[in-house]
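Visitor:
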Amino acid sequence: MITILDYGAGNLRSVQRACRAIGQEECVVRDVDGLRSAERIIFPGIGAARSAMDTLEELGVIPALIECVEQGTPCLGICIGAQVALDRSEEGDTPCLGLIPGTTRLFQLDDPTLKVPHIGWNEVRVTQPHPLLDGLDPGDEFYFVHSYYLDPDSPEHSYAVSDYGGEFTCAVGRGSFFATQFHPEKSGRFGLELLSRFAQWNGK
Amino acid sequence: MLSKRVVSCFDVRDGKLVKSVKFVNTKEIGEVVGRARQYYEDGLDELVMYDITASSDHRDIMLETVEAVASEIFIPFSVGGGIRSVEDATDLRWAGAEKINVNTAAVDRPELISEISHAVGAQSTILSIDVLRVPGGPLPSGFEIVTHGGRTHTGIDAIEWAREGERRGAGEIVVNSIDADGTCDGYDVELTRTVVDAVGIPVIASGGAGKPEHLYDVLTEGGADAALVASMVHYGEYTVSELKQYLHERGVKVRMHY
């Protein structure tokens, strides 16, 4: 059973449908009890870091979410769910969850033909093995929609990179927490395969 | 490096895939969900659905169709046609559309773009513009925004409108050439390039695709981020994977693993 945290993220239903498509049961929760009893958690997201953090605070789920990760519950963050996992986001200068040391930064691109947001399919290159990225080949692409990118302090928390006017980290992980900047729920077969691996992952 | 996208456009009426040439002579050519799934498996990068249902209960039918499609394809897709309010937009998002496509209603009331962008985010707000060439007229760019398939002139300069759309919070623009639409003679590359140079958001070229080289032209010379195809794949003349293979062989970066 996959528990999806509902804090108003726009891709919640897409994530639900993707879970069903890979034959996984899912449930949606928006409170502390729901999180504490979860076997594994998807922390979805799209939109802005500030409003995401505000909603998480209003729901009062932040301590429980951090606690779940510390106790080893497998947790997958997606897009904003990845960005707010770092210490801070430049978007609205927002203090974030601090699950992974680092900062979410706005793309500053020298090439005027590269547009922000970075929208579309881009290659993901694995830089460090991780159970959720098993089996990915060079040239496999995922769907991105974002203006800010993940900048973890230490390379040990960076698992994959993509290139947009320079390499940037597109997957971070620490312990039982893993998160992608791209949207596995919208990335065709490879995205569904990543979700399937998450459904089997023991968090180690 | 970001891939160029091959996007297919479905005109949907009463839950069926139809084809209309210049918005008239509409005929049914297929079933939406099955066709969407087929293109998805064949490497389609994105889907755009336009609801052209005329009946008053069209909203419910479209929501059902969107929901059914969203359960079968796991790539981004947008929905347009008759979206007049934030409520229309959020309902469609809930049913499974990532992106909301506004056109005529935004021409009538430009605030709609800002309202939808605020509600669902710029990344999920697409402005579609229907453009007609009006050379020698009073418009600085020589391109005019038209509605109702080109029958209604608005007197709005298309390039100015594209810029305004971006300012108001559109995250992408679909540029549909009414001159080229339905001709299968190729996109309006000049129009596309003019919009690409005028805005800082991704541009999806639409109208006129008939041969693979048309996609090549608009993605290279035209500078488009994505090329929209309809008839050329709907009638089985080309498959999505053939188009992508062609672009790939000519050096255009497209998603080849799917």
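Sequences listed follow chains A and B, in order.
All residue numbers for the first sequence refer to the numbering used here, where the first residue is 1 and numbers rise by one.
All residue numbers for the second sequence refer to the numbering used here, where the first residue is 205 and numbers rise by one.
The beta-carbon is built from N, C-alpha and C at its ideal position, and this holds for glycine as well.
So, is Ser37(A) buried or exposed, given that buried needs 16 or more other C-beta atoms within 10 angstroms?
Guide: In the first sequence, the residue the question calls residue 37(A) occupies position 37. So Ser37(A) ends up on the exposed side.
Visitor: Which one of Val433(B), Gly325(B) and Arg367(B) has the shortest CA to CA distance from Asn11(A)?
Guide: The count along the first sequence starts at 1 and reaches residue 11(A) at position 11. Residue Gly325(B) is the option with its Cα nearest to Asn11(A).
Visitor: What in chain A is Cβ-close to Gln242(B), meaning under 9 Å?
Guide: Locating residue 242(B) in the second sequence gives position 38, counting from the first residue. Going along chain A, no residue has its Cβ under 9 Å from Gln242(B), so there is no contact; the nearest lies around 14 Å.
Visitor: Which residues in the same chain have their Cβ closer than 8 Å to the Cβ of Gly165(A), if we skip the five residues on either side of it in sequence?
Guide: For the purposes of this step, residue 165(A) is identified with residue 165 of the first sequence, where counting begins at 1. Excluding positions up to five away in sequence, the list reads Phe107, Leu109, Asp110, Asp111 and Leu114.
Visitor: From which residue to which residue does the beta strand (DSSP E) around Lys303(B) run?
Guide: Looking up residue 303(B) in the second sequence gives position 99. Lys303 to Val306 is the extent of the beta strand (DSSP E) around Lys303(B).
Visitor: Please work out which residues of its chain come closer than 7 Å, Cβ to Cβ, to Ser187(A), disregarding the five sequence neighbours upstream and downstream, and give them in chain order.
Guide: Locating residue 187(A) in the first sequence gives position 187, where the first residue counts as 1. Once the five neighbours on either side are set aside, the close Cβ partners of Ser187(A) are Phe142 and Tyr143.
Visitor: Are the region 389-396 of chain B and the region 425-437 of chain B touching, with three or more C-beta to C-beta distances below 8 Å?
Guide: Result yes; three or more Cβ-Cβ pairs closer than 8 Å.
Visitor: Given Phe178(A), which residues of its chain have a CB within under 6 Å of its CB, disregarding the five upstream and five downstream residues?
Guide: Numbered from 1 along the first sequence, position 178 holds the residue referred to as residue 178(A). Here the set comprises Leu76 and Leu132.
Visitor: Out of Gly72(A), Gly139(A) and Arg88(A), point me to the one whose CA is closest to Asp151(A)'s CA.
Guide: Walking along the first sequence from the start, residue 151(A) turns up at place 151. When only C-alpha atoms are compared, the closest one is Arg88(A).
Visitor: Less than 7 Å between C-beta atoms, sequence neighbours within five positions excluded: which residues of the same chain meet that for Asp429(B)?
Guide: Here residue 429(B) refers to the residue found at position 225 when the second sequence is read from its first residue. Hits under 7 Å: Lys208, Arg209, Pro406, Val407 and Ile408.
Visitor: DSSP beta-bridge partners for Thr103(A)?
Guide: Numbered from its first residue, the first sequence carries residue 103(A) at position 103. Thr103(A) is bridged to Arg88(A) and Asp151(A).
Visitor: Tell me, which residues are paired with Ile78(A) by DSSP?
Guide: Taking the first residue of the first sequence as 1, we reach residue 78(A) at position 78. DSSP lists Thr180(A) as partners of Ile78(A).
Visitor: Who are the near neighbours of Ile317(B) in its chain, counting only those whose CB is closer than 7 Å to its CB and skipping five residues on each side?
Guide: To locate residue 317(B), count along the second sequence from 1; it is residue 113. Counting only Cβ-Cβ distances below 7 Å, and skipping sequence neighbours, we find Val306, Ala310, Thr329, Leu331, Gly369, Arg372, Gly373 and Ala374.
Visitor: For Cys215(A), which residues in the same chain have their Cβ closer than 8 Å to its Cβ, ignoring the five residues on either side in sequence?
Guide: Because chain A spans 1 through 204 in this model, residue 215(A) falls outside it and cannot be assessed.
Visitor: Just to confirm the assignment: which complete beta strand (DSSP E) runs, minimum length 3, are found wholly within the region 347-414 of chain B?
Guide: With a minimum length of 3 residues, the continuous beta strand (DSSP E) runs that stay inside the region 347-414 of chain B are 347-351, 356-361, 376-381 and 407-410.
Visitor: What does DSSP give as the partner residues of Ser332(B) in its beta bridges?
Guide: As a working note, residue 332(B) is residue 128 in the second sequence. Per DSSP, Val378(B).
Visitor: What would DSSP say about Gly448(B), mapped onto helix, strand or coil?
Guide: Against the second sequence, residue 448(B) aligns to sequence position 244. For the sequence presented, residue 448(B) should be read as Lys rather than Gly. Note: Lys448(B) maps to helix in three-state DSSP.
Visitor: Quick one: Cα of Val222(B) to Cα of Gly135(A), how far?
Guide: Locating residue 222(B) in the second sequence gives position 18, counting from the first residue. Locating residue 135(A) in the first sequence gives position 135, counting from the first residue. Between Val222(B) and Gly135(A), the C-alpha separation is close to 40 Å.
Visitor: Cutting at 7 Å between CB atoms, please list the residues of its own chain near Ile233(B), excluding the five before and the five after it.
Guide: Locating residue 233(B) in the second sequence gives position 29, where the first residue counts as 1. So the qualifying residues of the chain are Leu221, Val222, Lys223 and His438.
Visitor: Of all the CB atoms in chain B, is at least one closer than 8 Å to the CB of Glu167(A)?
Guide: The residue you call residue 167(A) lines up with position 167 of the first sequence. Taking Cβ atoms only, chain B never reaches closer than 8 Å to Glu167(A), which makes this a no.
Visitor: What does a CB cutoff of less than 7 Å around Leu167(B) pick up in its chain, not counting 5 residues either side in sequence?
Guide: Chain B is shown only over 205 to 462; residue 167(B) falls outside these bounds and no answer can be derived.
Visitor: Quick test of your reading: Gln83(A) and Ala49(A), contact by CB under 8 Å. State the CB separation rounded to the nearest angstrom.
Guide: If you number the first sequence from 1, residue 83(A) lands on position 83. If you number the first sequence from 1, residue 49(A) lands on position 49. Rounded, the Cβ-Cβ distance is 5 Å, consistent with contact.
Visitor: Starting from the beta carbon of Glu141(A), find every residue of chain B whose beta carbon is closer than 7 Å, and list them in chain order.
Guide: One-based indexing of the first sequence puts residue 141(A) at position 141. Within 7 Å Cβ-Cβ: Ser207, Arg459 and His461.
Visitor: Should Asp111(A) be flagged as near chain B, meaning a C-beta pair shorter than 8 Å?
Guide: Taking the first sequence and counting its residues from 1, one reaches residue 111(A) at position 111. So, not an interface residue.
Visitor: So, does the CB of Val145(A) fall closer than 8 Å to a CB anywhere in chain B?
Guide: Taking the first sequence and counting its residues from 1, one reaches residue 145(A) at position 145. Yes, Val145(A) lies at the interface with chain B (some Cβ there is under 8 Å from its Cβ).
Visitor: Does the beta-carbon distance from Glu185(A) to Val15(A) come in below 8 Å?
Guide: Translated into positions along the first sequence, residue 185(A) becomes position 185. Translated into positions along the first sequence, residue 15(A) becomes position 15. Yes.
Visitor: DSSP state of Gly284(B), grouped into three classes?
Guide: Here residue 284(B) refers to the residue found at position 80 when the second sequence is read from its first residue. Strand, per DSSP.
Visitor: Quick check on Asp134(A) - is its C-beta less than 8 Å from some C-beta in chain B?
Guide: Against the first sequence, residue 134(A) aligns to sequence position 134. No, because no Cβ of chain B sits closer than 8 Å to the Cβ of Asp134(A).
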